[in-house]
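**Q** Residue numbering for the sequence shown follows this note's numbering, beginning at 10 and increasing consecutively. Sharing a structure, written as C-alpha cells. Questions coming.
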Amino acid sequence: MPTLKTVGRTVAFVTTELRGFFPVLLTPLHQNRKQDLESLRQLVSYYERAGVHGFVALGEVSESAKLTESERRQNLSTVMEMVRRRLPVVVGASRESTELAVEAARWAESEGASAVMLAPPKNVQLRDRAIFEHYETVADSIKLPIVVQDEPEGGHPYMSPELLAKINLEIGRAEYIKLEDAPTPDKVGKVSELTEGRAKVFGASHGKGYLWEMDRGAVGIMTASPTPEYFVAIWNALQRGKRELAAEVFFYNLPLIHFYSELAIAVKKEVLVQRGVIKTSKVKQPGRELGEREQRELSELLRWVEANVERVASITPLHWKQVASTTRRL
C-alpha cells in the first residue's frame, strides 16, 4: 500500500508494485456535457466496492484531451480526495510535446500520483530515438514510476517490442508498460522475453486478451471496464490457480467486450447508466453517442452476460444500489 512522503512542498506517494485490475476512470457528464463530479465520486466508490487494485485517472478514454485545464484539475482532485491513499492512482500525462508532458507529469506527482502513464506524442513519423528521448526527459523530471503506454491505434507511433524493452531496461523509471497494440498477448510475451521478465506489463484494449495476456506474464490490466466485478473475479481466480473458472468468466464477457470496440466511451458510460452508477452517457464533443435502439441492444446483451456469469460463477452483478446501501451502513 502506498505511503506518503514530503519533498519540499510536494506530497508524493512512495509506491509499492502495481499489479492487478486498474480501471481507467471515465469522465461522467451532465446533460449539458459539463463534468459531473458527484457521479465521478460514485464511480470511484463503485470500483472500490468491486475490489479493484488501483485506478487510472485522466487516461485517453477519460476524454482527458477534451477537458479544460480546470476540469482536469477538478477531476484529479476529486479522485484523490475519494481514494484517500487507500489505493494507488496512476495519472495520465500524455501530451503533444515533451515540454508539456514534463509539466503534466510534475503536476501529477505534486497531486499525489503513484505513477504517471505516458504515450508518445501523436506523430506517427516519430523515430525510435525521438521516442526514447521523450521518455528519458520526462523520467529525469520526476521521481515516480512511468507506465509506458503503447497505443498505435490511438494515433501514437508504433513501438516495437525491441524499443519497449530498450526503454524499460535503460530508463530506470519506465518500470511498467501498458500494451494496446493487437495482438496484445503475443507482444506481452515478446516484451517479457526481451527484458527477461523485468518489464511489468499490463494488458488493456477493453480486456479482449486479458486471460491470454496473463498466461504470457502480464501483471494485470488497465482498462475502463464498467463491469469491474468480472475483471476482479478473473484476477482472483488466476491468483488461486483456478484458470478454468477465470476462463469461463472471461469467455462470457467477450460479447460485451466486442460491443465496446464500436463506440467504447459511449457504450461503457451507458452500461454505468444502466447500473445506476452515473446519470448520463453523454460524451464530450465531437463524439457520437448511442441511439435508443443501440441502448436497447446493449441492455439485452448486458442482461445476457450478467445472467450467464451469475449462473456459471455465482457472481452477482454489481449495481449502484448495492454500493449505496453499503455506504449508508458505514
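We treat Cβ as the ideally placed atom computed from N, Cα and C, and that holds for glycine. Since the structure is predicted, the reported quantities are computational estimates derived from the model, not experimental observations.
#1: Cutting at 8 angstroms between CB atoms, please list the residues of its own chain near Gly-348, excluding the five before and the five after it.
#2: Between Ser-103 and Ala-128, which are expected to be in contact by the criterion C-beta below 8 angstroms, what is the C-beta distance as a whole number of angstroms?
#3: Rounded to the nearest angstrom, what separates Thr-19 and Trp-116 at their Cα positions?
#4: Quick check: the Cα distance between Arg-58 and Glu-112, rounded to an integer number of angstroms?
#5: In three-state terms, what does DSSP make of Ile-287?
#6: By a C-beta neighbour count over all protein chains shown, 10 Å radius and 16 as the cutoff for buried, is Asn-132 buried or exposed?
#7: Would the beta-carbon of Leu-153 fall within 8 angstroms of that of Ala-110?
#8: When DSSP labels each residue in this structure, what does Gly-212 get in the three-state scheme?
#9: How about Val-53 and Val-92: are their beta carbons less than 8 angstroms apart?
#10: Label Lys-43 either buried or exposed according to how many other C-beta atoms from any shown protein chain fall within 10 Å of its C-beta, with 16 as the threshold for buried.
#11: Please state if the CB of Glu-179 and the CB of Leu-203 are separated by a distance shorter than 8 angstroms.
#12: Looking only at DSSP bridge pairs, what is Ala-44 linked to?
#13: Output yes or no for whether 8 angstroms exceeds the beta carbon distance between Ser-73 and Gly-101.
**A** Reading it off the structure:
#1: Here the chain comprises residues numbered 10 to 339, so residue 348 is not present and cannot be evaluated.
#2: Along the sequence shown, one-based indexing puts residue 103 at 94. Along the sequence shown, one-based indexing puts residue 128 at 119. Contact flag correct, Cβ pair sits at about 4 angstroms.
#3: Position 10 of the sequence shown, counted from the first residue, corresponds to residue 19. Position 107 of the sequence shown, counted from the first residue, corresponds to residue 116. At Thr-19, the pLDDT of 41 sits below 50, so the modelled position is not reliable; the number obtained from the coordinates is stated separately. Rounded to the nearest angstrom, the two C-alpha atoms are 10 angstroms apart.
#4: Here the question's residue 58 lines up with position 49 in the sequence shown. Here the question's residue 112 lines up with position 103 in the sequence shown. When rounded, the distance between both Cα atoms is 33 angstroms.
#5: As a working note, residue 287 is residue 278 in the sequence shown. Three-state result, Ile-287: coil.
#6: Against the sequence shown, residue 132 aligns to sequence position 123. Exposed: under 16 other Cβ atoms inside 10 Å.
#7: Numbered from its first residue, the sequence shown carries residue 153 at position 144. Numbered from its first residue, the sequence shown carries residue 110 at position 101. No.
#8: On the sequence shown, position 203 is the one that residue 212 refers to. Of the three classes helix, strand and coil, the one that applies to Gly-212 here is strand, per DSSP.
#9: Your numbering for residue 53 matches position 44 in the sequence shown. Your numbering for residue 92 matches position 83 in the sequence shown. Taking 8 angstroms as the Cβ cut-off, Val-53 and Val-92 qualify as a contacting pair.
#10: As a working mapping, residue 43 is identified with position 34 in the sequence shown. By the neighbour-count rule (16 or more Cβ atoms within 10 Å), Lys-43 is not buried but exposed.
#11: Position 194 of the sequence shown, counted from the start, is the residue given in the question as residue 203. Position 170 of the sequence shown, counted from the start, is the residue given in the question as residue 179. Against a cut-off of 8 angstroms, the Cβ pair of Glu-179 and Leu-203 comes out as no contact.
#12: Residue numbering aside, residue 44 sits at position 35 when the sequence shown is read from its first letter. The residue asked about is misnamed: residue 44 is Gln in this sequence, not Ala. According to DSSP, Gln-44 bridges with Leu-38.
#13: Residue mapping note: residue 73 aligns to position 64 of the sequence shown, counting from 1. Residue mapping note: residue 101 aligns to position 92 of the sequence shown, counting from 1. Taking 8 angstroms as the Cβ cut-off, Ser-73 and Gly-101 qualify as a contacting pair.
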